[in-house]
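Below: the structure, in structure tokens.
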Amino acid sequence: MPVVKGQRVRQPFQPSSVKEMTEIEAAWMGALLEGEGTAEVAWYPTRQGSGRYTPRIRASVVNTDPELMSACLRLVGTGSVSPRSPREGSFGKHKQQFVWTLQARNSVLDFFHRVAPYSMKAQDALTRWKFLELKGEI
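Numbering of the sequence shown is given in my numbering, commencing with residue -12 and proceeding in unit increments.
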């Protein structure tokens, strides 16, 4: 099918790479997301200066314990763990932080569905994403 200028082209998405979790693991991850994490649905620019935006969905958990972030990676089976610099001007008042992030759309949606019974943040993100789908913006 030819692409018409200005027509939106949907990119194929990778299948979810989230591991199967036991109910206890899903509850633990849901509680961690609820207490230490973020379930984000936000608009981001498609290209700098283009004036166009696209919705993105993301899960992240921030903590000062790198072992906790490694546990997220092991339980979910995907995502990334990276250090986050202490705030500028903190002069040693804050410990080094680490962040586990999951950004692949289908993996995030799958993860949110698995932990939704245990996390209001995941439920809210799924509701907002469904609203955007119903509006035809995704």
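Every residue, glycine too, gets a C-beta built ideally from N, C-alpha and C. Only a predicted model underlies this, so the values are computations on that prediction, with no experimental measurement involved.
Residue j beta carbon less than 8 Å from that of residue i
i, j, result
"PHE98", "VAL63", "yes"
"VAL95", "ILE11", "no"
"LEU119", "PRO42", "yes"
"ALA13", "ARG71", "no"
Residue nearest to residue i in terms of C-alpha spacing, selected from the options
i, options, result
"GLU23", "ALA46, GLN35, THR114, ARG115", "ALA46"
"GLU7", "PRO70, THR114, ARG61", "ARG61"
Assumed close pair residue i, residue j - CB separation to whole angstroms, cut-off 8 Å
i, j, result
"GLN1", "ASN93", "6 Å"
"ALA112", "ALA29", "Not quite, the Cβ-Cβ distance comes to about 10 Å (not below 8 Å), so this is no contact."
* To do: Answer yes if the stretch 106 to 125 comes into contact with the stretch 12 to 26, meaning at least three C-beta pairs across the two stretches below 8 Å, and no otherwise.
  => yes
* If we count Cβ pairs, one from each stretch, closer than 8 Å, do we get three or more for the stretch 77 to 91 versus the stretch 46 to 53? -> With three or more CB-CB distances shorter than 8 Å, the stretch 77 to 91 counts as touching the stretch 46 to 53.
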